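What follows is a short report on a single structure.
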Amino acid sequence: MTAAVRVEGLVKHYGKISALSGISFEIAEGELFALLGPNGAGKTTTIRILTGLTRPTAGRAFFFGRDIFSSPLYARRLAGLVPQATNLDLELTVWENLLIHGLLFGMSRGRIRERAEELLRFAGLWERRGDRVRALSGGMRRRLLIIRALMHEPRILFLDEPTVGLDPHIRRRLWGLIKQIQARGTTILLTTHYIEEAEFLADRVAFLEQGRIVALDTPQNLMAALGEVAVDLVDDEGLSTRYFRTREEAEREAVKLSRAGKSVTIRRVNLEDAFLHFTGRRV
Ligand SMILES: Nc1ncnc2c1ncn2[C@@H]1O[C@H](COP(=O)(O)OP(=O)(O)O)[C@@H](O)[C@H]1O
Ligand SMILES: [Mg+2]
145 MTAAVRVEGL VKHYGKISAL SGISFEIAEG ELFALLGPNG AGKTTTIRIL TGLTRPTAGR
205 AFFFGRDIFS SPLYARRLAG LVPQATNLDL ELTVWENLLI HGLLFGMSRG RIRERAEELL
265 RFAGLWERRG DRVRALSGGM RRRLLIIRAL MHEPRILFLD EPTVGLDPHI RRRLWGLIKQ
325 IQARGTTILL TTHYIEEAEF LADRVAFLEQ GRIVALDTPQ NLMAALGEVA VDLVDDEGLS
385 TRYFRTREEA EREAVKLSRA GKSVTIRRVN LEDAFLHFTG RRV
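In my numbering, the protein residues as written are 145 to 427.
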């Protein structure tokens, strides 16, 4: 099957800075793929290249088998972009923001009306359609930003750190919305520096570090590379963690350590363990 997104050896230099040093990956149709990495890893650069906002120094990219750099209009039509920085027009109403987007994408007024209503109801913003964006909370603005990107029915949605800076309740609500969008058949590339966000949402995750993908797999497989159970140990040296394939092995070790007077806790391996293992630094 042709991948929805295929990226081959993408390189981006800004003068002497190398933002991307040759990354490659594929996203299957309907998949939610996460690029996880700290600030400066190259996440936004990847999305800007795939949405036509900047050209790569080298490399190729395809949507459903078609080269996006030689067919920019095709690529623009297929992609929806939720940028990292909210770029809604604050003085216009919710409705007007959707209308303008629809017009920019050449949609008819009738279709815009239909689609905007459907999306506003979907995102729980229908009652707020006549309000200026300035009057909306941060979480509402983020939802509006997401549905605006869906107005022209893109087949691939690019979400650049969609929940950054939001409180946990609002973040959960957005996670639900993102899952629902995927369930309706949209392919999603999401970037985040929140490990738990990638673990919760993504079918597959690429760990991005300084413009390179250092690991790429399902969260389950990335975690299983370490083991099932972790034993955290605090002593004079600080915190260290050991990994075990079974709960029994972990418990035996924990008993031994606590008999030796160490402070230990047993828990399941999580994606943060895998991230630390593959990147050797903290997000
Ligand atoms: N327009 C630009 N000019 C110069 N350097 C840039 C520009 N955009 C990004 N960079 C640099 O490229 C690297 C990757 O940035 P970015 O893709 O924004 O990372 P992320 O989104 O993962 O935080 C960083 O070192 C950043 O400073
Ligand atoms: Mg970024």
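Glycine is no exception: its CB is placed at the ideal position from the N, C-alpha and C atoms. Only a predicted model underlies this, so the values are computations on that prediction, with no experimental measurement involved.
| Query | Result |
| --- | --- |
| Residue from ARG192, PHE169 and ALA148 with nearest C-alpha to GLN228 | ARG192 |
| Local conformation of TYR338 per DSSP, three classes | coil |
| Span separating the alpha-carbon of ILE357 from that of SER168 | 8 Å |
| Contact test: ILE357 Cβ vs ligand 1 heavy atom, cutoff 7 Å | no |
| Environment of ILE339 [buried if 16+ CB atoms lie within 10 Å] | buried |
| The region 232–242 contacting the region 269–286, beta-carbon criterion three pairs below 8 Å | yes |
| Same chain, Cβ closer than 6 Å to ILE314, five either side skipped, listed in chain order | GLY283 |
| Residues passing the C-beta test against ligand 1 heavy atoms, cut-off 6 Å | TYR158, ILE161, ALA163, GLY181, ASN183, GLY184, ALA185, GLY186, LYS187, THR188 and THR189 |
| Any non-hydrogen atom of ligand 2 within 7 Å of GLN228 CB | yes |
| Ligand 2 heavy atom lying under 7 Å from the CB of GLU393 | no |
| CB of GLU343 within 8 Å of CB of LEU415, strictly | yes |
| Range of the contiguous beta strand (DSSP E) that encloses SER165 | 161–171 |
| Given LEU345 as reference, the closest of GLY329, GLY320 and LEU401 once Cα atoms are compared | GLY320 |
| Span of the beta strand (DSSP E) around GLY224 | 223–226 |
| Continuous alpha helix (DSSP H) stretch holding SER402: start and end | 391–403 |
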